[in-house]
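The next block holds one structure in the form of structure tokens; read it before the comments.
As structure tokens, this is what we get:
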């Protein structure tokens, strides 16, 4: 008897699934006799006990029946027609949310390349082996001393207090623990904002260019997007819509992806607009800790007297991407609605990780890591820019932005098609390059590259830029 096991889980469970499938799709006809357990155990190379366990489970579920002195037989289920997987499934009924998600999930985004020697992907945090060891110690301590129960949806009180203390010191933002909601990454922060604030058809202002993850969330929730361009001073507030939007998405401390900083006059103009129009602002401070020419800027919310700004910060960029912890600083009017939405989403974020992070911050380990990361990232940034000047020369125009974790380089003399050819050729040579185009609703006038430098050493960045120059020679 031929049975294919899927390799997932205990062998008796694999056997149950295989026999059940054979019965349901008609390969084992109703009334047919199953092989004796001793014989089948020998054929499959497993213990008879495993076979008996599987047979008993199928008998309890009604798929087989035992006959005294005769053996086990397939029950007569009278399935008409036999159960088979549906072909295609395009007409399966789904919600409008699912339909929109299906429509937009295929939008061209910067998909990660694997197996490349030099990966210049943006968004990856600094690779720091010392952090791995420190985090392991914090996790072990948290596991030993923390309750293993589900914590409240708001998040661990100790972590919320540490976030408040940190924001007051580093971002000029005064908040109480009651203002803080711990979430599972910035992407969940966007999803909660959409769920709490938006109905289908509501207008959302989106920076152009923008973070495509925010775009996907808002469109999938049924928002009507109103792009507003950015320039060297950030969001052009004079072009905000006359009709009040429901929500404004902005990255004022380091515009993503261009790197522009929202000037103080525009910050004040944006806050006046939100107060007058009674709309909300989501301030995404995804990498505001990393400035290399001065201290980090005060957050937009620190200037907000009308309580219209929702502030989002993340530990996934400052520590490591696998740590799915971020936080929101919420206006008082939205607190209860957000905690309810968080509870309905996943009840709460991981308690052990929150406890480990709270102690890491309290002990000073977090800010020691940030000081090390700033120094190391500045060196890597300088190596990348120097390499671009040396090996790409006038073929690239580097956008000045002494902050963040990536560099924007516009390509001179290339059109979009030729730029894609360059990216493909570089990938064949082991160099991961990423286009600026996915961050625009309409392609920019000229192509550009979004170059992350966190995951490569100074030496590797020098080698990567040399390889980039060779690729540009091959695809002029």
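Numbering (UniProt numbering), first residue to last: 1 to 476. Glycine included, C-beta positions come from ideal geometry on N, C-alpha and C.
Item, Value
"What is the DSSP secondary structure of residue 402, counted as helix, strand or coil?", "coil"
"On the DSSP bridge list, what partners appear for residue 258?", "Answer is none; residue 258 lacks a bridge partner."
"So, for residue 351: in the same chain, excluding its five sequence neighbours on each side, which residues have a beta-carbon less than 8 angstroms away from its beta-carbon?", "146, 147, 148, 149, 150, 151 and 156"
"Which value, in whole angstroms, describes the spacing of the CA atoms of residue 406 and residue 179?", "31 angstroms"
"Sort 37, 322 and 217 by Cα distance to residue 184 and report the nearest one.", "322"
"Is it true that the stretch 189 to 202 meets the stretch 230 to 238, where meeting means three or more beta-carbon pairs spaced less than 8 angstroms apart?", "no"
"Could you have a look at residue 39 and say whether DSSP puts it in helix, strand or coil?", "helix"
"At the level of alpha carbons, what is the spacing between residue 126 and residue 384?", "14 angstroms"
"Use the C-beta contact count for residue 347: other C-beta atoms within 10 angstroms, 16 or more gives buried, fewer gives exposed.", "exposed"
"Below 9 angstroms between beta carbons: does that hold for residue 139 and residue 204?", "no"
"Does the structure place the stretch 297 to 306 close enough to the stretch 267 to 278 that three or more beta carbon pairs sit under 8 angstroms?", "yes"
"Tell me whether residue 471 is buried or exposed, calling it buried when 16 or more other Cβ atoms sit within 10 Å of its Cβ.", "buried"
"Assuming residue 369 and residue 44 are in contact, meaning their beta carbons sit under 8 angstroms apart, how far apart are those beta carbons, in whole angstroms?", "So it is not a contact: roughly 52 angstroms between Cβ atoms."
"Within the continuous alpha helix (DSSP H) that includes residue 275, where are the two ends?", "264 to 277"
"Between residue 4 and chain C, is the shortest Cβ-Cβ distance under 9 angstroms, so that the two count as touching?", "The structure shown contains no chain C, having only a single protein chain."
"Have a look at residue 320 and residue 333 and give me their C-alpha separation to the nearest angstrom.", "32 angstroms"
"Identify whether residue 18 lies in helix, strand or coil by the three-state DSSP scheme.", "helix"
"Residue 315 to residue 7, Cα distance in whole Å?", "36 angstroms"
"Identify the continuous alpha helix (DSSP H) that holds residue 343 and give its terminal residues.", "335 to 346"
"Okay, do the stretch 206 to 224 and the stretch 263 to 271 touch, 3+ Cβ pairs below 8 angstroms being the bar?", "no"
"Contact defined as beta carbons within less than 8 angstroms: I believe residue 31 pairs with residue 74. What is the distance between those atoms, to the nearest angstrom?", "6 angstroms"
"Would the beta-carbon of residue 200 fall within 9 angstroms of that of residue 76?", "no"
"For residue 425, report the span of its alpha helix (DSSP H) as first-last.", "416 to 428"
"Measuring straight from C-alpha to C-alpha, what distance separates residue 82 and residue 452?", "Per-residue confidence for residue 82 stands at a pLDDT of 49, beneath the threshold of 50, marking its modelled position as unreliable; no derived number is given."
"Going by C-alpha to C-alpha distance, which of 421, 213 and 55 sits closest to residue 432?", "421"
"Look at the alpha carbon of residue 108 and the alpha carbon of residue 446, and state the distance between them as a whole number of angstroms.", "Unreliable placement is indicated for residue 108, whose pLDDT of 47 sits below 50; the coordinate value is still reported in the next sentence. Rounded to whole angstroms, residue 108 to residue 446 spans 17 angstroms at the Cα level."
"Buried or exposed, going by whether 16 or more other CB atoms sit within 10 Å of the CB of residue 219?", "buried"
"Give a yes or no on whether the C-beta atoms belonging to residue 186 and residue 343 are separated by under 9 angstroms.", "no"
"Using the three-state DSSP reduction, which class does residue 450 fall into: helix, strand or coil?", "strand"
"Tell me, please, which residues DSSP counts as bridged to residue 177.", "DSSP lists no partner for residue 177."
"For the beta strand (DSSP E) holding residue 30, just list the boundary residues, first then last.", "Taken as a continuous stretch (DSSP letters only), residue 30 belongs to no beta strand (DSSP E), as it is neither H nor E."
"Would you report the Cα separation of residue 335 and residue 190, rounded to the nearest angstrom?", "15 angstroms"
"Given this structure, state the Cα-to-Cα distance separating residue 123 from residue 259, to the nearest angstrom.", "13 angstroms"
"Quick one: which unbroken alpha helix (DSSP H) runs of 4-plus residues sit fully inside the stretch 300 to 382? Chain order, please.", "335 to 346 and 351 to 362"
"Is it right to say residue 66 is buried, meaning 16 or more other beta carbons lie within 10 angstroms of its own, or is it exposed?", "exposed"
"Tell me, please, which residues DSSP counts as bridged to residue 206.", "227 and 249"
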